[in-house]
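What follows is a short report on a single structure.
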Amino acid sequence: MLSLENISKSIHETLSASLNGTLVLLIEMTIAGVLVISLFAVLGLVLVFMERKVSAYMQIRLGPNRVGYKGFAQTAADTLKLLIKEGLTPDGADKFLFNLAPLLVIIVAMLIMAPIAFTKGFQLWDINIGVLYVSAVSSVGVIGILMAGWASNNKYSLLGAMRSGAQIVSYELSAGLSVITIVILVGSLSINDIIESQRNGWWIFKGHIPVLISFVIFVIAVTAETNRAPFDLAEAESELTAGFHTEYSGMRFALFFLAEYVNIFIVCAIGATLFFGGWMPFHIGSWEAFNHVMDFIPGIVWFFGKVFALIFLIMWFRWTFPRLRIDQLLNLEWKYLLPIAMFNLLLTTVMAITGFYIK
Amino acid sequence: MYRESQIVSETNSPFGGEGAGNLVINVGPQHPATHGVMHLVITMNGETILYVEPHLGYIHRSIEKMCESLSYRQFIYSTSRMDYLSSHINNHGCALAVEKGLQIEVPERAKVIRILMDELTRIASHVLWWGAMAMDVGALTPFFHAFRERELINDIMEETCGARLTMNYMVPGGVMTDLHPNFVKKVKEFVAFFRTKIDEYDTLVTHNVIFKQRMMDVGKISAADAVSFGCTGPVLRACGVKSDIRKLAPYDGYEKLNFEEPLETAGDSYARYLVRMRELRESLSIIDQLIDNIPEGDFQAKTKAVLKLPKGEFYSRVETARGEFGVYIISEGGLTPYRIHFRSPGFANLSCLNQIARGQKIGDLVAMMGTLDLVIPDIDR
Chain A
3 MLSLENISKS IHETLSASLN GTLVLLIEMT IAGVLVISLF AVLGLVLVFM ERKVSAYMQI
63 RLGPNRVGYK GFAQTAADTL KLLIKEGLTP DGADKFLFNL APLLVIIVAM LIMAPIAFTK
123 GFQLWDINIG VLYVSAVSSV GVIGILMAGW ASNNKYSLLG AMRSGAQIVS YELSAGLSVI
183 TIVILVGSLS INDIIESQRN GWWIFKGHIP VLISFVIFVI AVTAETNRAP FDLAEAESEL
243 TAGFHTEYSG MRFALFFLAE YVNIFIVCAI GATLFFGGWM PFHIGSWEAF NHVMDFIPGI
303 VWFFGKVFAL IFLIMWFRWT FPRLRIDQLL NLEWKYLLPI AMFNLLLTTV MAITGFYIK
Chain B
539 MYRESQIVSE TNSPFGGEGA GNLVINVGPQ HPATHGVMHL VITMNGETIL YVEPHLGYIH
599 RSIEKMCESL SYRQFIYSTS RMDYLSSHIN NHGCALAVEK GLQIEVPERA KVIRILMDEL
659 TRIASHVLWW GAMAMDVGAL TPFFHAFRER ELINDIMEET CGARLTMNYM VPGGVMTDLH
719 PNFVKKVKEF VAFFRTKIDE YDTLVTHNVI FKQRMMDVGK ISAADAVSFG CTGPVLRACG
779 VKSDIRKLAP YDGYEKLNFE EPLETAGDSY ARYLVRMREL RESLSIIDQL IDNIPEGDFQ
839 AKTKAVLKLP KGEFYSRVET ARGEFGVYII SEGGLTPYRI HFRSPGFANL SCLNQIARGQ
899 KIGDLVAMMG TLDLVIPDID R
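Residue numbers (this note's numbering), protein chains in the order written: chain A, 3 to 361; chain B, 539 to 919.
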């Protein structure tokens, strides 16, 4: 059967048959790297186009519809424009940090891609602490934003960066706690184990109200972590005129832009993995026939379907809600979300110990 | 080279500038929050505002001086360019002043047409404000919804007045042309359509929890302060002071109409927001009362070809979408006014910004400026 798992296996076997281990690893890594970069490019194109179409739909506009078929080539044209644009470095900026910041942000986004399982057996790195790795690496991204804001020598950028710093550091806690609820129920940090545990139903259905609460907290927290409206204080178009990337132009701006969208994809992929079973088809307990029918839909379709549903949710937020103020943002996290998340964690622990969830 | 540090050294803040350890930031003249070309020098401690200093004049066109060399028919047209969102109402005020001087009796039909146009303008202006206001607090979608409704009004205006923004429709003695045959039908359609949309506005923005949090208890001003700063219109009515010129000194038949003056008492950003939202509904009810009762007759009184105001001083005032608009004409009896002064509502409303913004966050400053509903050409003239 033609599946991504079989393809990757057959490539591995063909290479191993003729070459030695180190060379095989090297070639496979190169292939993986090229794949990640191509996925990045495709994701950037698709998500930017999707955002523009979603926003256009909500704002009773048409959105891009001239370049290419129904405007599909619009993002490609925009990228081309950004590529050939001059990347200005403002006078008085810290040149080294200024140029490093977008690279750091994009590298972090690439690194988080590693443990995500796209479909059965199709994963770059099956690391046994997958979820922990994702939360750890994603926090590094904020350094890039702080760097960009500081190095720009612009007060708007500085304010935006400081807001972003406070925001991401705070919301990391809630996101982490809501991830841990699932980890407790599964008993493993590995992405594959988490997906495998949802063979008889997704956690959002199996885990009763505590998992539902942690899903809501997760969505709020990751929206804040990716600096999306209503938590887009770091960019705050009407106040800070773009915040930390005010001074960036050309491809360096495009890297920030791309990183934002890739980050959205990644957090939604994590959300889909934790709460909706990743590539696992929709199974209901012991309904063998139903489960078997569901298995005919390939895992990659399930995975991307779930991820894009979550992405649509986050885009929906952006085009509906007004922005919070910085003190309200921190209040929401420290006074409401964090205590709720902690209590919820306790509840889930009790649930896991007593086994009070659909097994 | 004009470095940022050189511009910001010129703050008059009593708390000191950058030297005193404060953050001095220039908002504008090119900044999305100012909705035009206004320049605010803000002294901040972190994100908390200590002092706001508006710098004006970036779009000053000396309209008052220009008016001194224009005849009494001509000068009205330049007032459309001041508060371009209430151009009808500005023209109305000027026409009233000239009519007062020449003691022209305006036909009933013209009066009703004027009020209809005024209220449509008020709706168009408030709708645009609503969209811009939501954009100021970070919600981008309402802006487009607002423009959808405003476009309908502009279409109505275009048919009758021939213009969409600077209508120049009101002239001394009445209005320039008669109503377009489609006018009544289209206005009725619009009113019915807009009534459903205004409820949508409430669902989307007015009752939104985040929006309420952003607006309540922010930018508070007391009634006494508002009066002493010369604030008028929704800004003053949000403090509970009755100040609607349409009620206090009715003109062109507003006294015959049955409408309410919306008042709030809180004096904060949300109160100003609510006053404007209620004014939208009142304007709709005024249109409802008049649209079926437009009297037949002339749309313009017979006037001389050349208007000459007698020697003396003439003042008229009208209620624009932003507050009280006053026209003060000094005539020496010649073809052109000796001196004209316009009392624009935006200028007075802006003056309270420093008072209400102190101690608030920079994000709220943008929201506050939104609730003051500033139109920069109206401030600078």
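Each residue gets a CB set at the ideal place from its N, CA and C atoms; glycine is no exception.
### Task
Kindly indicate if chain B contains any beta-carbon less than 9 angstroms away from that of A:Ser57.
Yes - at least one Cβ of chain B is within 9 angstroms of the one on A:Ser57.
### Message
Taking 9 angstroms as the threshold (C-beta atoms), are B:Glu556 and B:Val562 in contact?
### Response
A contact, by the Cβ cut-off of 9 angstroms.
### Task
Would you list, in chain order, the members of the region 735-750 of chain B that have their beta-carbon closer than 8 angstroms to a beta-carbon of chain A?
Those residues of the region 735-750 of chain B that come within reach of chain A (Cβ to Cβ, closer than 8 angstroms) are Leu742, Val743, Asn746, Ile748 and Phe749.
### Query
Should the region 208-217 of chain A be called in touch with the region 330-339 of chain A, which here means at least 3 C-beta pairs below 8 angstroms?
No: fewer than three Cβ pairs fall under 8 angstroms.
### Query
How many Å lie between B:His683 and B:Gly669 at the Cα?
If I take the Cα positions, the gap works out to 7 angstroms.
### Task
To the nearest angstrom, report how far apart B:Leu847 and B:Val779 are at their CA atoms.
Going by C-alpha positions, B:Leu847 is about 35 angstroms away from B:Val779.
### Message
Taking the straight line between their C-alpha atoms, what separation do you get for B:Gly554 and B:Ser607?
### Response
C-alpha of B:Gly554 to C-alpha of B:Ser607: approximately 44 angstroms in a straight line.
### Query
Looking at the C-beta of B:Lys758, does it have a partner C-beta in chain A at a distance below 9 angstroms?
It does not: the Cβ of B:Lys758 has no partner Cβ on chain A nearer than 9 angstroms.
### Query
Measuring CA to CA, which of B:Ile917, B:Ile691 and B:Gly872 is closest to B:Leu888?
Ranked by Cα distance from B:Leu888, the options B:Ile917, B:Ile691 and B:Gly872 are led by B:Ile917.
### Message
Counting only C-beta atoms, is B:Pro570 closer than 9 angstroms to chain A at any point?
### Response
Output row for B:Pro570: interface = yes.
### Cβ contact (3+ pairs, closer than 8 angstroms) linking the region 651-666 of chain B and the region 617-637 of chain B
They touch, by the three-pair rule.
#### Entry: With 16 other Cβ atoms within 10 Å as the buried cut-off, status of B:Ala776
When all chains shown are included, B:Ala776 counts as buried.
### Message
Among the candidates B:Asn692, B:Thr858, B:Gly676 and B:Thr617, whose CA atom is the shortest distance from the CA of B:Ala571?
### Response
In terms of CA proximity to B:Ala571, B:Gly676 leads the group B:Asn692, B:Thr858, B:Gly676 and B:Thr617.
### Query
Secondary structure at B:Met705, three-state DSSP: helix, strand or coil?
In this structure, B:Met705 counts as coil in the three-state DSSP scheme.
### Message
Cβ closer than 9 angstroms: which chain B residues qualify as neighbours of A:Arg68?
### Response
Simply none; closest approach about 19 angstroms.
### Task
Would you verify that the beta carbon of A:Phe323 is, or is not, closer than 9 angstroms to some beta carbon of chain B?
Interface residue, yes.
### Per-residue DSSP class, three states only, for A:Gly46
In the structure shown, A:Gly46 sits in a helix (DSSP, three-state: H, G or I).
### DSSP three-state assignment for B:His718, whether helix, strand or coil
When DSSP states are grouped into helix, strand and coil, B:His718 belongs to the coil group.
### Buried or exposed (CB count within 10 angstroms, at least 16 for buried), A:Trp127
Exposed is the call here.
### Query
Quick one: which chain A residues come within Cβ less than 8 angstroms of B:Met673?
Per Cβ cutoff of 8 angstroms: Ser240.
### Query
How would you call B:Ser854, buried or exposed, if buried means at least 16 neighbouring beta carbons within 10 angstroms?
Answer is buried; the Cβ neighbour count reaches 16.
### Message
According to DSSP, A:Ala226 sits in a beta bridge with which residue or residues?
### Response
According to DSSP, A:Ala226 bridges with nothing at all.
### Task
Please list the partners that A:Gly121 has in chain B, where partner means a Cβ-to-Cβ separation under 7 angstroms.
Note that residue 121 of chain A corresponds to Thr in the displayed sequence, not to Gly. What A:Thr121 touches in chain B: nothing, since even the nearest Cβ is about 36 angstroms away.
### Task
Name, please, each residue of chain B whose Cβ falls closer than 9 angstroms to the Cβ of A:Ala231.
Simply Gly676, Ala677 and Leu678.
### Message
Just to confirm the assignment, what range does the beta strand (DSSP E) spanning B:Ala839 have?
### Response
No beta strand (DSSP E) holds B:Ala839; DSSP gives it neither H nor E.
### Query
Counting along the chain, where does the beta strand (DSSP E) carrying B:His879 start and finish?
Taken as a continuous stretch (DSSP letters only), the beta strand (DSSP E) holding B:His879 covers Arg877 to Arg881.
### Message
One question on the structure: do B:Thr858 and B:Gly768 come within less than 9 angstroms of each other, judged by their Cβ atoms?
### Response
In terms of Cβ geometry, B:Thr858 and B:Gly768 do not form a close pair [threshold 9 angstroms].
### Query
Taking Cβ positions only, does B:His683 come closer than 9 angstroms to chain A?
Among the residues facing chain A, B:His683 is included, as its CB has a counterpart in that chain under 9 angstroms away.
### Query
For B:Leu578, does the count of other Cβ atoms within 10 angstroms reach 16, so buried, or fall short, so exposed?
That one is buried.
### Query
What three-state label does DSSP hand A:Ala238 in the structure shown?
The answer is coil: DSSP assigns A:Ala238 none of H, G, I, E or B.
### Query
Going by beta carbon distance, what residues of the same chain come within less than 6 angstroms of A:Ala153, once the five residues before and after it are set aside?
Closer than 6 angstroms at Cβ, skipping near neighbours: Ala95, Asp96, Leu99 and Phe100.
### Task
Please classify A:Phe74: does DSSP put it in a helix, a strand, or coil?
Coil.
### Query
Using 9 angstroms as the limit for Cβ to Cβ distance, is A:Lys157 near chain B?
Closer than 9 angstroms: yes.
### chain A contact for B:Arg686 (CB, 9 angstroms cutoff)
Yes - at least one Cβ of chain A is within 9 angstroms of the one on B:Arg686.
### Task
Could you round the C-beta distance between A:Ser10 and B:Val904 to whole angstroms and report it? I think they count as a contact, below 8 angstroms.
Distance from A:Ser10 to B:Val904 at the Cβ level is roughly 51 angstroms; contact not present, criterion being Cβ atoms closer than 8 angstroms.
### Local Cβ density within 10 Å of A:Gly189, reported as buried at 16 or more and exposed below that
Label assigned to A:Gly189: exposed.
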